[in-house]
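Reading through the structure tokens given below for one structure.
Numbering (the numbering used here), first residue to last: 27 to 568.
Below, the structure written as structure tokens:
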């Protein structure tokens, strides 16, 4: 009886607290109690997107509401592919293209394959005031249950507007940095460069108004049409989606981008990813670096040094005192992941073609085109240096510890998706979180131990029955010039992150909550620095 009285008192207090936010906030209604018995179910308060924003503003940064809300609105943008029967989208009170509430990895209703822009829906869950590292505040509902009220047409801003690549660049220039257009556009042009392999039935390419090799609009992870295995350079296509003014971290150069565009093939291309060598200017690497021309393809010759990946072909190309990093080398047929079969070793002289790019302030050529090889007196191919475990796998004073080799002892070959693990009072789950690659358990046969690899955008949520004070993460030691361990853009929903100089140990301190999410935050859905977790120690609040 006392328990029932306490619950009723808290419910009444919740109603008065909500009423203080404004007279237009509706009173809560009870949902069915799934557990049965005499206790009432969770109370749900129906609100609009605008009211959700007001309520969320009153929360502490990165804190969740105590109450559960049902928000009715229109899906204005679906910004992630389906994963684990979940998908992410933006919601607005009207079908006007605004992004008011973010439904982050919402649950697809039974029988629904994907969420569709323009649909009227009701989402149910707790509000989260998510604050990004740049200070941007997002009103978010994570893992919401969704009810489809009216099916959409997949065009939230009305009919797509037909424009050229040049017009897209002009329109994008007027947007704020890293902002999306409210309108949906259909851009017709020619594929001038395909710069990524196929993944999840998507592929990335550059578009131009003419088949002239220019890079005007970036179609980032565009959807392959049914029956099409890959995009082909030289093809005339129409891409449909919203414009994004993408500005890389630390850069002032803006890229006109359409993310996850739908593509219609108008004319098939010839599958020539770069112009033939005879049609491009041959220059020195020093001249290439000096020009820093992000639009023109040039031919370069240099000596292969510091091979760091023998699958894609990641290495330094050196000529005298000048060096350019090659991030992926396509063979003569334009195929990626074929470097191991090309017979290239350190010390060999290689001629290739490519376009200047900058990544994190470093000059590189991405997916260069192989032209010719002259064998040198190199040391032979250098295999990727394997991960090596931390020398000390213990955590002095930790209340709970786990070593990944023990947690995933059932798998000793290759790599598999990182499934949840439990140790002591701690549960750990891993989330793709909108990234291109899902977190993986990776067994290193040479080192005879395993890590969990968290790629760009991947998240790890640690939950406990007890209050967590601190988490210590030990990573695999770095190898072959790669910075595997730690990321200056890592974020946490509670506490602060500290990283040792050798990148082997990462400490998340001052958590003082029973749940925390650590994210390998990055500006894109792939690339960046991996976090390779070898073992973890968890300290409880005393």
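We put the CB at the ideal spot given by N, CA and C, even for glycine. Remember, it's a predicted structure, so these values are computed and weren't measured experimentally.
Residue burial classification, residue i (beta-carbon count within 10 angstroms, cutoff 16)
i           : result
residue 251 : exposed
residue 434 : buried
residue 320 : exposed
residue 560 : buried
residue 225 : exposed
residue 551 : buried
residue 390 : buried
residue 285 : buried
residue 188 : exposed
residue 448 : exposed
residue 425 : buried
residue 465 : buried
residue 548 : buried
residue 292 : exposed
residue 493 : exposed
residue 53  : For residue 53, the predicted model reports a pLDDT of 46, less than 50, meaning its position is unreliable; a value from the coordinates is still stated below. Looking at its Cβ environment, which holds fewer than 16 other Cβ atoms inside 10 Å, residue 53 is exposed.
residue 354 : buried
residue 339 : buried
residue 203 : exposed
residue 38  : Low confidence applies here, because residue 38 scores a pLDDT of 47, under 50, leaving its location unreliable and the question unanswered by this model.
Same chain only: Cβ atoms within 7 Å of residue i, ignoring 5 sequence neighbours per side
i           : result
residue 507 : Confidence at residue 507 is low in this model, with a pLDDT of 31, below 50, so the placement of that residue is unreliable and no value is reported for it.
residue 138 : 174
residue 409 : Any reading at residue 409 needs caution, since the residue's pLDDT is 37, under 50, leaving its predicted position unreliable; the model's value is listed next. Excluding sequence neighbours, residue 409 sits near 336.
residue 341 : 330, 331, 332, 333, 334 and 352
residue 421 : 427, 498 and 563
Among the options, the one whose alpha carbon lies nearest that of residue i
i           : options               : result
residue 142 : 318, 115, 130 and 159 : 115
residue 328 : 312, 345, 428 and 154 : 345
residue 625 : 311, 322, 316 and 562 : As displayed, the chain neither begins before 27 nor continues past 568, which places residue 625 out of reach and without an answer.
residue 218 : 71, 129, 381 and 524  : 381
residue 541 : 214, 558, 557 and 566 : 566
residue 85  : 155, 111 and 124      : 155
residue 240 : 192, 280, 339 and 309 : 192
residue 87  : 108, 164 and 348      : 164
residue 576 : 360, 171, 266 and 495 : Not covered by the structure: residue 576. The range shown for the chain is 27 to 568.
residue 525 : 498, 494, 158 and 547 : 498
residue 190 : 148, 336, 242 and 342 : 242
residue 570 : 176, 548 and 555      : Here the chain covers residues 27 to 568 and nothing more, so residue 570 does not appear.
residue 336 : 347, 351, 367 and 326 : 367
residue 556 : 253, 461, 245 and 185 : 461
residue 360 : 160, 215 and 257      : 257
residue 452 : 78, 136, 369 and 539  : 539
residue 216 : 253, 230 and 262      : 262
residue 358 : 387, 386, 397 and 369 : 397
residue 97  : 117, 90, 89 and 83    : 117
residue 316 : 194, 445, 214 and 383 : 383
residue 277 : 388, 392, 78 and 491  : 388
residue 588 : 568, 517 and 500      : A query on residue 588 cannot be resolved here, the shown segment of the chain reaching from 27 to 568 and no further.
residue 476 : 442, 343, 70 and 82   : 442
residue 545 : 483, 343 and 446      : 483
residue 376 : 83, 308 and 468       : 308
residue 146 : 385, 186, 102 and 232 : 102
Contacts around residue i, its chain only, beta-carbon distance under 6 Å, and the 5 residues preceding and following it disregarded
i           : result
residue 104 : 115, 141 and 143
residue 521 : 534, 535, 536 and 537
residue 588 : Absent from the model: residue 588. The displayed extent of the chain is 27 to 568, so no value can be given.
residue 290 : 264
residue 8   : Given a span of 27 to 568 for the chain in the structure shown, any question on residue 8 remains unanswerable.
residue 198 : 269, 271 and 282
residue 30  : Annotation note: pLDDT 44 at residue 30 (below 50); position unreliable, coordinate value reported separately. Excluding residues within five positions, none has a Cβ falling inside 6 Å.
residue 206 : 268 and 270
residue 91  : 152 and 153
Element boundaries [beta strand (DSSP E), containing residue i]
i           : result
residue 540 : 531 to 546
residue 397 : 388 to 400
residue 355 : 348 to 356
residue 480 : 475 to 480
residue 455 : 452 to 457
residue 334 : 323 to 335
residue 166 : 163 to 168
Boundaries (first-last residue) of the alpha helix (DSSP H) holding residue i
i           : result
residue 77  : 75 to 83
residue 568 : Segment: none, residue 568 is in no alpha helix (DSSP H) and carries neither H nor E.
residue 5   : Since the displayed the chain opens at 27 and closes at 568, residue 5 lies outside it and no answer follows.
residue 234 : No alpha helix (DSSP H) holds residue 234; the beta strand (DSSP E) holding it covers 228 to 234.
residue 359 : Residue 359 -> no alpha helix (DSSP H), and no H or E assigned at all.
residue 317 : 311 to 317
Close beta carbons around residue i, own chain, < 8 Å, minus the five adjacent residues each side
i           : result
residue 134 : 108, 111, 112, 113, 140, 141 and 172
residue 119 : 74, 75, 76, 99, 100 and 126
residue 363 : 223, 337 and 338
9 Å Cβ cutoff, residue i in contact with chain D
i           : result
residue 142 : This model lacks chain D altogether; it includes just one protein chain.
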